[in-house]
Amino acid sequence: MAQTYFNEMYHNGRAREPYQQLENWTQAMPAEFRSLKQAEAEALFRRIGITFAVYGEGGDPDRLIPFDMFPRVFSNAEWTRLERGIKQRARALNAFLVDVYGRGEIVRTGRIPGRLVYQNEAYEKAVVGFVPPRGVYSHIVGIDLVRTGPDDFFVLEDNCRTPSGVSYMLENREIMMRMFPTLFRENRIQPVDSYPTILRRTLASVAPAKCTGEPTVVVLTPGHFNSAYYEHSFLSDMMGVELVEGQDLFVEGEFVYMRTTEGPKKVDVIYRRIDDAFIDPLCFRPDSMLGIPGLMDVYRSGGVSICSAPGAGVADDKAIYTYVPEMIRFYLGEEPILHNVQTWQCGKADDLKYVLENLGELVVKEVHGSGGYGMLVGPKSTKAQIEAFAERIKANPGNYIAQPTLALSTVPTFVNEGVAPRHVDLRPYCLVGERIELVPGGLTRVALTDGSLVVNSSQGGGVKDTWVLAG
Amino acid sequence: MILTVQHTTIYRYGAPVRGVVQSHRLTPSIFDGQRTRSWTITVDGGLSGGGFRDGAGDWVQGCSVRGPVTEVAVQVEGVVETQDLAGLLRGHRELVPPDCYLSETAVTRADAALTELAHAAIAGTSDPLDRAHRLAAAISDAITYQPDVTTANTTAAESLALGKGVCQDHAHALIAAARVQDIPARYVSGYLMADGDAVSNEAAHAWAELWIKGLGWIGFDPANRCCPDARFIRLGSGYDASDAAPIRGTARGPGAESLDVTVAIQAVQQ
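These protein sequence lines are chains A and B, in that order. According to our numbering, the stretch in the first sequence is residues 1 to 471, in order. According to our numbering, the stretch in the second sequence is residues 1 to 270, in order.
As structure tokens, then:
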């Protein structure tokens, strides 16, 4: 089956409006100049030391993720719609979290099956009945989007815990500006460099009830062996706050303190990049060496804020994802602006029948799987692989969901032969505190291999600067 | 019945530690079966941390002790008025959905033997309450009360295989068996006045609660083949013993820790 893909730059034989300036830019660029610039970009990334894996994919932690110099561009109108959709989703996800740790109206009214929520691994009994400051559980919502047409955007997944990759968004821009200053004079590109300031403001705005005065914010990292350590140190640096490990903090009385050379200093807001299971051995995994004993008691009694709030993960589960449009209608009384990818739940008899009959065209995923494990990409599989996978689904249908193979949009990308279209996705980072804010941009990942739809850096993916033009 | 409680837990450290942090679930539950007349928790040199009532209805209290220190004593003293509600946890305010207690933990995982026991126990009855009683009786039959053969880390499956254990093992096994039948079940920690031939795990006592639609949470104590009555004082609940522990704590420092617990529960003559 011949597949056609939406090319974000060239549509119906013409350069689309947001990309018109770039047409002249590439056409005027000699090949030698381009390879020189590409080498310069790589040297800059190496010098900065930004080499971590995106989204915890594993792999060589010192490997550089390829940076493609051809930007991905959104018009102001396109972005305005995306922004509304992303903020709407972030509001609904937070309303859902407050609800399922409270009265659970969405379950009581039969809109979501209780077992999906309450028996979910990410559901934390320890925070039931607690409403975090300003009713926010997920302070940084990373929403993964794909595009299939001029007006067709779909949400692939939500990330409500501690989505990574935002340092790429900032560094990609920094490097583009250094290498091509004229591009930024010729195009009215909205800045993204306010992200650390807004992040800090967001974190400070959710300081706990017992905090009086200017809140002390810290970034809590598992340590330098973590694949995203670069990002942890980068963000704490940019925000002008301390980067700490569990052993740097301790609980005494009603508060959490940080050891400093001038003695203990009270900490009010912890932006943690450690999973729930490890943050407090007295409450969660007793063998955790990364956390702070007693933290959860301080948290629940209003002595400190934890971002994202423990328990936020129940909102970004693959099985819960299906119900996000329902959340938007239920909590906000609005119609979803951004759509989910159509999803068949193999646990439902009708869906199972459809999935088994159409395996060749579908992508099938395990409900709790991640990183591409336990996955079938129908169009790229052999008949034998499909038949074997069908047996696995039949053995445990409830464990699988299926989605159509999406025709991801393409953006021109520098390749050996010149410029060629390559498939992309997008992760914007929505900040939720006193206000809901979104810097105009995000992280664009690109599949550098010709024809590949897999943008993961472990499988030949790279990153691009993402532009939003001023109106 | 009026019960007096004296419960002392002493932590001793081989070398002075820099500090101790604890989380206490040491306050009697609030429900129709018990009323607290007086209750004090004393920790020498202890700084009271944040306290709050959690979603399961338990009062949780943080506590820390500044080091260097080689010994921390937690002393609980109080008087509680109790009445026999035949195991019913009536009038208990909580928010955690019962379905939450269908999740298993490492120690409450049902193996083939527990699964088989659970199926055999309920054969022939469909009444939920009857099923719960039969499950509890089956656990009492299968595990004989015998101290010092199991440890704090023994799993439900292991104690069933041994055929022996203490109240903690009975409770874990009943929780595992109940979940096999899709009955939400949880671990309860508390005290028992051991009169006559009643057994309690020398220190504190533990039992299980099963969720029965229409009735709510009902306690079952397989170690004593009964439902909690006026001899029982309920403190708190959790998925298993570690989740429901009355004291969870940790010390900063290398010293080896030893523990000494004494519990005395007595009925006041009226």
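All C-beta atoms in this analysis are idealised placements derived from N, C-alpha and C, irrespective of residue type, glycine included.
> What are the complete beta strand (DSSP E) segments, minimum 3 residues, inside the segment 238-279 of chain A?
Replying inline: Qualifying beta strand (DSSP E) stretches, in chain order: 242-244, 249-252, 255-258, 265-267, 269-272.
> What's the gap between the Cα of B/Pro222 and the Cα of B/Val166?
Replying inline: It is roughly 10 Å from the alpha-carbon of B/Pro222 to the alpha-carbon of B/Val166.
> Would a C-beta distance cut-off of 9 Å place A/Glu361 and A/Thr405 closer than the cut-off?
Replying inline: Yes, these two residues count as a Cβ contact at 9 Å.
>> Against B/Ser189, what residues of chain A qualify as contacts under a CB-to-CB distance less than 9 Å, listed in chain order?
In response: By Cβ distance, chain A contributes nothing, its closest Cβ being about 15 Å from B/Ser189, past 9 Å.
> Going by DSSP, what residues sit across from A/Arg445 in a beta bridge?
Replying inline: Per the DSSP secondary-structure output, A/Arg445 pairs in a beta bridge with A/Asp425, A/Val463.
>> By the 8 Å beta-carbon criterion, what residues does the segment 264-285 of chain A contribute toward chain B?
In response: Listed in sequence order: Pro281, Leu282, Cys283.
> Would you say A/Glu174 and A/Pro440 are within 9 Å of each other, going by their C-beta atoms?
Replying inline: Annotated as distal: A/Glu174 and A/Pro440, with beta-carbon spacing of 9 Å or more.
> Relative to the ligand SAM, is the shortest distance from any of its heavy atoms to the C-beta of A/Ala407 smaller than 8 Å?
Replying inline: Absent from the structure shown: the ligand SAM. Ligands present: none.
> Using a Cβ cut-off of 8 Å, which residues of the segment 82-93 of chain A contact any Cβ in chain B, in chain order?
Replying inline: Those residues of the segment 82-93 of chain A that come within reach of chain B (Cβ to Cβ, closer than 8 Å) do not exist; the list is empty.
>> As a quick exercise: from B/Ala194, B/Leu259, B/Val60, B/Leu89, pick the residue whose alpha carbon is nearest that of B/Leu215.
In response: Measuring from the Cα of B/Leu215, the nearest candidate turns out to be B/Leu89.
>> Just list the residues that DSSP pairs A/Leu220 with in beta bridges.
In response: Residue pairing by DSSP places A/Leu220 opposite A/Val244, A/Arg272 in a beta bridge.
>> Taking the alpha-carbon of A/Asn358 as reference, which of A/Ile274, A/Leu376, A/His139, A/Leu235 has the nearest alpha-carbon?
In response: Among A/Ile274, A/Leu376, A/His139, A/Leu235, the Cα nearest to that of A/Asn358 belongs to A/Leu376.
>> Let's see if you can read the secondary structure: which residues bound the beta strand (DSSP E) around A/Lys365?
In response: Element bounds for A/Lys365: 362-366.
>> Which residues in chain A have a C-beta closer than 8 Å to the C-beta of B/Arg66? List them in chain order.
In response: Result: Glu252.
> Where does the unbroken alpha helix (DSSP H) through B/Leu26 begin, and where does it stop?
Replying inline: First-last for B/Leu26: undefined, no H or E at that position.
> Whose Cβ in chain B lies nearer than 8 Å to the Cβ of A/Val244?
Replying inline: Correct list: empty, because the minimum Cβ distance to chain B is about 16 Å.
> Who are B/Gln168's beta bridge partners in DSSP?
Replying inline: Paired residue(s): none; B/Gln168 is not in a bridge.
>> Can you look up A/Leu203 in the DSSP assignment and give me helix, strand or coil?
In response: A/Leu203: helix per DSSP, three-state reduction.
>> For a minimum of 4 consecutive residues, which ranges assigned as the alpha helix (DSSP H) are wholly contained in the segment 138-210 of chain A?
In response: Listed in chain order, the complete alpha helix (DSSP H) runs (minimum 4 residues) inside the segment 138-210 of chain A are 166-179, 181-186, 195-205.
>> On the DSSP letters alone, give me the boundaries of the alpha helix (DSSP H) that A/Met475 sits inside.
In response: With chain A running from 1 to 471 in the structure shown, residue 475 of chain A is simply not present.
> Does the separation of the CB atoms of A/Val251 and B/Gly62 fall below 9 Å?
Replying inline: The answer is yes: Cβ separation under 9 Å.
>> Against chain B, which members of the segment 458-471 of chain A pass a CB distance test of less than 8 Å?
In response: Using a CB distance below 8 Å, no part of the segment 458-471 of chain A faces chain B.
>> Judging by CA-CA distance, which residue of A/Gln27, A/Thr26, A/Ser75, A/Asp99 is the nearest neighbour of A/Leu332?
In response: A/Leu332 has its Cα closest to that of A/Asp99, out of A/Gln27, A/Thr26, A/Ser75, A/Asp99.
> Just reading off the beta strand (DSSP E) that B/Val60 is part of, what are its end residues?
Replying inline: For B/Val60, the enclosing beta strand (DSSP E) covers residues 59-82.
>> Per the DSSP calculation, B/Tyr239 is bridged to which residue(s)?
In response: According to DSSP, which records beta bridges pairwise, B/Tyr239 is partnered with nothing at all.
> Using the beta-carbon count (16 or more within 10 Å), is A/Asp268 buried or exposed?
Replying inline: By the 10 Å Cβ count, A/Asp268 comes out buried.
> Which residues, in chain order, does the segment 103-134 of chain A contribute to contact with chain B at a C-beta distance below 9 Å?
Replying inline: For the segment 103-134 of chain A, the residues whose beta carbon sits under 9 Å from a beta carbon of chain B are, in order, Arg103, Gly104, Val107, Gly114, Arg115, Val117, Tyr118, Gln119, Asn120, Glu121, Tyr123, Lys125, Ala126, Val127, Val128, Gly129, Phe130.
> On the three-state DSSP scale, how would you describe A/Gly56?
Replying inline: In this prediction, A/Gly56 has a pLDDT of 48, which is less than 50 and means its spatial position is unreliable; what the coordinates show is noted afterwards. Helix, per DSSP.
> Comparing alpha-carbon positions, which option in B/Thr262, B/Ala244, B/His133 lies nearest B/Leu311?
Replying inline: Here chain B covers residues 1 to 270 and nothing more, so residue 311 of chain B does not appear.
> Would you say B/Asp54 faces chain A, with C-beta separation under 9 Å as the test?
Replying inline: Yes, B/Asp54 counts as interfacial toward chain A.
> Using the beta-carbon of each residue, which ones in chain B are nearer than 7 Å to A/Asp297?
Replying inline: Those within 7 Å of A/Asp297 in chain B are Ser23, Gly49, Gly50, Val60, Gly62.
> Mind checking whether A/Leu243 and A/Ile270 have CB atoms under 9 Å apart?
Replying inline: Cβ distance not < 9 Å, so A/Leu243 and A/Ile270 don't count as in contact.
> Taking the alpha carbon of B/His172 as the point to measure from, which residue in B/Arg179, B/Ala156, B/Val180, B/Gly163 has its own alpha carbon closest?
Replying inline: The alpha carbon of B/His172 has as its nearest neighbour, out of B/Arg179, B/Ala156, B/Val180, B/Gly163, the alpha carbon of B/Ala156.
> Is B/Val80 buried or exposed, if buried means 16 or more other CB atoms sit within 10 Å of its CB?
Replying inline: B/Val80 comes out buried.
> Do B/Leu102 and B/Val268 have their CB atoms nearer than 9 Å?
Replying inline: Their beta carbons are not under 9 Å apart, which means B/Leu102 does not touch B/Val268 by this criterion.
>> Rounding to the nearest angstrom, what Cα-Cα distance links A/Val128 and A/Tyr137 in this structure?
In response: Distance between the alpha carbons of A/Val128 and A/Tyr137: 12 Å.
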